[in-house]
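Take a look at the structure set out below.
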Amino acid sequence: MNKWKMGKWLVPMAVLLGMVSGCGGHSESANAQKPSPTKKEEGEVIRIGYQKYGTLNMLKARGDLEQRLKQLGYTVQWSLFPGGPQLLEAMNAGSLDFGHTGEAPPVFAQAAGTPLLYVATTPPSPKAEAILVRRDSSIRTVADLKGKKVALNKGSNVHYLLVQALSKAGLTLSDIRPVYLPPADARAAFEQGSVDAWVIWDPFYAAAEQTGKVRVLADGQGLVANREFFFASRSFAQKHADVVHVILEELKKVGQWANRDPKGVATFLAPELGIDEAALEIASKRRTYGLEPITNEVIAQQQTIADQFYQLGLLPKKIDVNEAVWREAK
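Numbering (the working numbering), first residue to last: 28 to 357.
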């Protein structure tokens, strides 16, 4: 994978399959000079959506972005979402400018017509999501999920993990009884015994582990990449490319800090998230932070996810991931 510099990077998730031949290539604009931020009228608001945990959550907690953008005349409005699908629904409604999700949500969102653009990704973190059962459950393998109730957030990154795990075990979604719930409701249903298994991501996964009452049936290793993706709405990216670059620069700094000090991340975020520090440290150590451009390989991985969901009848139409790519005007 080619390296890139924050000062010269462009269109993340973009290294278009159609415009660049060969895997691992980058978009035509990858070496263009990034625009210099210009000061706007005081009070222009940048609306950013985030989830519990993740690089954007850390950026919010640190306050560095607000300080940087304030010098340019912008203020930041943060909105918390229980999962990626809900976040991208808000972007589709026109109430968000920037946000982040896992692998599957943008596929569903693009099929629904959400005007999103991929602008960056992170390294894979397959260990940071898993299928959980209660410790005393008779379910010992993924194949044992046949006919069972499995809770998950519909259209989220763990939706794809479940599809892949079932496929490896010779099953499909039609062989189980999916129960679509956001994380908090899914945990309650799981603990009360209303569902047999729970597919979930960190830090909720780590918090459940800390109770000592769960067993990991399978995590993402060998099944999914589990990347974090960053998105801008199409109109925002077109009008405010300078701000997108500033956000990415600050995200890169946060990622470098998080890789160096997972314990510090846990200590810093525990009060912000209301999650046990020990659980957050476990979650932090399972993640690989950083900011990467979107290569042909990453686009191909996303296209595979989209095609698989379409074949399963979960997407209403085929999509071309390459069309949801940020290309800055020259």
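No residue lacks a Cβ here, since even glycine has one placed at the ideal position from N, Cα and C.
Per DSSP, what kind of secondary structure is residue 305 in: helix, strand or coil?
helix
Ranges of the alpha helix (DSSP H) found wholly within the stretch 256-322, counting only runs of at least 4:
261-266, 268-287, 289-300, 304-313
Quick check on residue 78: does DSSP put it in helix, strand or coil?
strand
Complete runs of the alpha helix (DSSP H) confined to the stretch 186-266 [at least 4 residues]:
210-219, 231-237, 261-266
What are the boundary residues of the beta strand (DSSP E) that includes residue 137?
Looking at the DSSP string, residue 137 is not in any beta strand (DSSP E); the run it does join, the alpha helix (DSSP H), is 131-138.
Would you tell me roughly how many angstroms separate the C-alpha atoms of residue 231 and residue 210, rounded to the nearest one?
7 angstroms
Taking C-beta to C-beta, are residue 158 and residue 213 nearer than 9 angstroms?
no
Within 8 angstroms, do at least three Cβ pairs link the stretch 145-164 to the stretch 311-325?
yes
Are there three or more Cβ pairs, one per stretch, closer than 8 angstroms when the stretch 101-116 is compared with the stretch 160-171?
no
Which class does residue 89 belong to by DSSP, given the choice of helix, strand or coil?
helix
Counting C-beta neighbours from all protein chains within 10 Å, is the total for residue 162 16 or more, i.e. buried, or is it exposed?
exposed
What is the DSSP secondary structure of residue 168, counted as helix, strand or coil?
coil
From the DSSP output, in three-state form, read off residue 342 for me.
coil
Exposure of residue 327, with buried meaning 16 or more beta-carbon neighbours within 10 Å:
exposed
Here's a check: name, in chain order, each residue in its chain whose Cβ is nearer than 6 angstroms to the Cβ of residue 257, leaving out the five neighbours to either side.
127, 146, 147
In angstroms, rounded to a whole number, what distance separates the CA positions of residue 276 and residue 226?
32 angstroms
For residue 335 and residue 185, which I take to be in contact (beta-carbon distance under 8 angstroms), what is that distance rounded to the nearest angstrom?
So it is not a contact: roughly 15 angstroms between Cβ atoms.
If the criterion is Cβ atoms closer than 9 angstroms, does the pair residue 111 and residue 129 meet it?
yes
Beta-carbon spacing of residue 271, residue 252 below 9 angstroms
no
Going by CA-CA distance only, name the one from 313, 340, 341, 348 that's closest to residue 324.
348
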